[in-house]
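**Student:** I have a structure I would like to understand better, so I am pasting it below and will then ask my questions one at a time.
In this note's numbering, the protein residues as written are 4 to 520.
Listed below in structure tokens is the structure:
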């Protein structure tokens with residue numbers, strides 16, 4: 004990797020965020036789902052290649068103090084930013100290091116999980132080979148690596164957009180001017196093309212996508228020297244040559260075909276997995292993948308029997324709309340989960356879905372979920388009625404998982420849905436609250452809070468009760484330290500209004516998976 008690439012990330016630092024699908028919790032669960040016995044999350048050792056300023060790794064260190072985490076990046080500026088945050092949080096289980104991927108050898112030791120997000124497609128071929136070499140040589144025998152990369156056919160049009168941008172800015176050195184002019188070039192192309200033609204429609208769609216992303220993403224995605232998409236099968240061939248094999252995608256639902264017409268599903272059903280995945284890319288015009296790899300010696304079982312799901316803990320990906328449900332009827336009920344419709348008829352399945360909605364965003368063991376469902380039905384825990392068996396519940400969970408509406412874990416995130424007398428949030432969330440709009444949740448996602456929510460979140464140290472929170476909010480409003488979007492005099496809110504504000508903020512934190520006690 005060259006100095007020019009290093010300086011580009013120093014000049015325009017990449018926005019460093021948590022990436023939920025790369026969390027070792029997700030890698031562990033997917034590996035177990037396909038028959039592996041992966042390293043347990045508690046106490047695992049994680050290496051991240053291209054960690055930027057640690058936005059993906061630092062939340063793990065805060066959440067999982069028993070893990071050991073190492074991140075490397077070429078950009079010394081970004082590494083220093085991350086090291087400063089680590090020092091502020093007093094985290095002792097993480098190290099960010101300015102280093103080149105090519106420096107990694109046996110002396111670095113082995114890791115249970117290796118993460119390489121947003122690097123592979125953006126480095127020369129020899130560095131890509133080194134990434135795969137690290138994933139083979141520095142991964143424990145039952146470990147899991149995850150690599151993200153751009154893919155064809157989805158990147159064919161984007162490559163044309165990248166080419167026109169690069170041509171337009173080829174004589175511009177200043178990074179900010181390159182970003183401005185690249186956007187201007189795409190604007191010009193869209194304005195000049197015929198929107199009634201397929202090319203014009205595709206350009207307009209790409210302009211909309213580019214306008215929605217951060218400038219740093221545009222700069223490093225489209226204007227870097229290297230951005231080499233690959234077909235999925237070509238990536239897997241190189242991984243196999245390195246002694247690795249395909250495990251799964253980080254989002255297992257994208258491996259399924261239930262969204263396709265029945266005759267297409269039939270045509271793909273018996274295809275070998277690599278060919279099937281490549282055909283899915285062709286059909287769906289996929290432009291990006293996040294792929295899990297493991298050692299080729301591992302025996303995988305892709306049938307995924309229901310009992311494997313039954314040994315997990317689960318939570319819905321989104322909170323379902325509340326509705327009245329007759330648990331004792333076999334009439335089908337349609338649940339609305341983030342606009343997706345899931346229909347269930349079995350009483351136990353309906354009761355379990357309602358319970359998952361009530362306790363959202365907390366996770367619950369499947370065996371415990373069945374017990375809670377039986378309680379709601381008024382059935383004894385030891386019932387042998389096949390209509391109330393674990394098989395009924397596992398079938399429901401499989402359907403919801405296939406709809407990409409279920410999270411499955413062996414070691415679920417620890418967050419609570421109830422608000423205690425002295426609520427608590429993580430150190431990281433409280434640290435971020437006064438500094439940024441987006442906060443990292445226990446689901447390893449970024450959630451947006453307004454000024455009021457962040458003011459209250461900063462004080463959720465497990466020591467403040469509601470009275471203390473209300474007093475501090477009242478004082479801050481009177482002194483003009485914060486303002487809230489509410490009619491009336493900011494400095495003279497009633498006690499009832501202050502109570503309502505704190506209550507609203509606490510519920511916002513709970514629904515965003517920010518409360519841990």
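Each residue gets a CB set at the ideal place from its N, CA and C atoms; glycine is no exception.
This one's a predicted model, so the numbers in the text were calculated from it and none came from an experiment.
Note down the Cα distance separating residue 511 from residue 62, rounded to an integer number of angstroms.
**Tutor:** Within the chain shown, numbered from 1, the residue matching residue 511 stands at position 508. Within the chain shown, numbered from 1, the residue matching residue 62 stands at position 59. Going from the Cα of residue 511 to the Cα of residue 62 covers about 20 Å.
**Student:** Just reading off the alpha helix (DSSP H) that residue 379 is part of, what are its end residues?
**Tutor:** Counting from one through the chain shown, the residue named residue 379 turns up at place 376. Segment 369-380, the alpha helix (DSSP H) holding residue 379.
**Student:** Is the beta carbon of residue 38 closer than 7 Å to that of residue 57?
**Tutor:** Sequence index remark: in the chain shown, residue 57 carries index 54 (1-based). Sequence index remark: in the chain shown, residue 38 carries index 35 (1-based). Contact: no.
**Student:** With 16 other CB atoms within 10 Å as the buried threshold, where does residue 211 fall?
**Tutor:** Here the question's residue 211 lines up with position 208 in the chain shown. The residue in question, residue 211, is exposed, as its Cβ has fewer than 16 Cβ neighbours within 10 Å.
**Student:** Going by DSSP, which residues form a beta bridge with residue 148?
**Tutor:** Translated into the one-based positions of the chain shown, residue 148 becomes position 145. DSSP lists 117 and 296 as partners of residue 148.
**Student:** Could you tell me which of 235, 167 and 178 sits nearest to residue 123, measuring between CA atoms?
**Tutor:** As a first step, residue 123 is located in the chain shown; it is residue number 120 there, counting from the start. Here the closest residue by C-alpha is 235.
**Student:** Any heavy atom of the ligand PLP inside 6 Å of the beta-carbon of residue 258?
**Tutor:** Ligands are entirely absent from the displayed structure, and the ligand PLP is therefore not among its contents.
**Student:** Does the contact criterion of 3 or more C-beta pairs under 8 Å hold for the segment 476-487 versus the segment 451-467?
**Tutor:** Contact holds: three or more Cβ-Cβ distances are below 8 Å.
**Student:** Given residue 30, which residues of its chain have a CB within under 8 Å of its CB, disregarding the five upstream and five downstream residues?
**Tutor:** As a position in the chain shown, residue 30 is number 27, starting the count at 1. Within the same chain, residue 30 has close Cβ partners 41, 116, 147, 149, 253 and 295.
**Student:** Cα separation between residue 502 and residue 473?
**Tutor:** Indexing the chain shown from 1 puts residue 502 at position 499. Indexing the chain shown from 1 puts residue 473 at position 470. Taking the straight line from one Cα to the other gives about 6 Å.
**Student:** Can you check DSSP and say which residues form a bridge with residue 249?
**Tutor:** Your numbering for residue 249 matches position 246 in the chain shown. For residue 249, which the question treats as bridged, DSSP gives the partners 296.
**Student:** Report yes if the CB atom of residue 157 is closer than 7 Å to the CB atom of residue 288, and no otherwise.
**Tutor:** Mapped onto the chain shown, residue 157 falls at position 154. Mapped onto the chain shown, residue 288 falls at position 285. Yes. Within cutoff.
**Student:** Where do the ends of the alpha helix (DSSP H) carrying residue 441 lie?
**Tutor:** As a position in the chain shown, residue 441 is number 438, starting the count at 1. Run containing residue 441: none in the alpha helix (DSSP H); it sits in the beta strand (DSSP E), 441-443.
**Student:** For residue 520, which of helix, strand or coil comes out of DSSP?
**Tutor:** For the purposes of this step, residue 520 is identified with residue 517 of the chain shown, where counting begins at 1. DSSP places residue 520 in coil when its eight states are reduced to three.
**Student:** Taking only the alpha-carbon atoms, compute the straight-line gap between residue 454 and residue 438 and give it to the nearest angstrom.
**Tutor:** Position 451 of the chain shown, counted from the start, is the residue given in the question as residue 454. Position 435 of the chain shown, counted from the start, is the residue given in the question as residue 438. Distance between the alpha carbons of residue 454 and residue 438: 11 Å.
**Student:** When the Cα atoms are used, what is the spatial distance from residue 13 to residue 317?
**Tutor:** Here residue 13 refers to the residue found at position 10 when the chain shown is read from its first residue. Here residue 317 refers to the residue found at position 314 when the chain shown is read from its first residue. Cα-Cα distance, rounded: 40 Å.
**Student:** Relative to the C-alpha of residue 79, which residue among 92, 101 and 284 is closest?
**Tutor:** Along the chain shown, read from residue 1 onward, the residue named residue 79 stands at position 76. Of the candidates 92, 101 and 284, the one whose C-alpha sits nearest the C-alpha of residue 79 is 101.
**Student:** Could you name each continuous beta strand (DSSP E) segment of 3 residues or more that falls completely within the segment 185-271, going from the start of the chain to the end?
**Tutor:** Complete beta strand (DSSP E) runs here, min 3: 247-252.
**Student:** Check whether the Cβ atoms of residue 384 and residue 374 sit closer than 7 Å, and answer yes or no.
**Tutor:** Here residue 384 corresponds to residue number 381 of the chain shown, with the count starting at 1. Here residue 374 corresponds to residue number 371 of the chain shown, with the count starting at 1. Yes, these two residues count as a Cβ contact at 7 Å.
**Student:** Alpha carbon to alpha carbon, how far is residue 507 from residue 248? Give it in angstroms, no decimals.
**Tutor:** Within the chain shown, residue 248 is the residue found at index 245, counting from 1. Within the chain shown, residue 507 is the residue found at index 504, counting from 1. Cα to Cα, the separation comes out at about 48 Å.
**Student:** Hey, residue 21 and residue 447: beta-carbon distance below 7 Å or not?
**Tutor:** Stepping through the chain shown from its first residue, residue 21 is reached at position 18. Stepping through the chain shown from its first residue, residue 447 is reached at position 444. Closer than 7 Å, so yes.
**Student:** What residue range is occupied by the uninterrupted alpha helix (DSSP H) comprising residue 1?
**Tutor:** Missing from the structure shown is residue 1; the chain here goes from 4 to 520 and no further.
**Student:** Restricting to runs no shorter than 3 residues, where is the beta strand (DSSP E) found entirely within the segment 318-354?
**Tutor:** 336-340 and 343-347, all fully within the segment 318-354.
**Student:** Which same chain residues, not among the five before or five after residue 312, have their C-beta less than 8 Å away from its C-beta?
**Tutor:** What you label residue 312 is simply residue 309 of the chain shown in a count that begins at 1. Excluding residues within five positions, the ones whose Cβ falls inside 8 Å are 36, 369, 397, 400, 401, 404 and 411.
**Student:** Rounded to whole angstroms, what's the CA-CA distance from residue 291 to residue 153? Just pull it up for me.
**Tutor:** Residue mapping note: residue 291 aligns to position 288 of the chain shown, counting from 1. Residue mapping note: residue 153 aligns to position 150 of the chain shown, counting from 1. Distance between the alpha carbons of residue 291 and residue 153: 4 Å.
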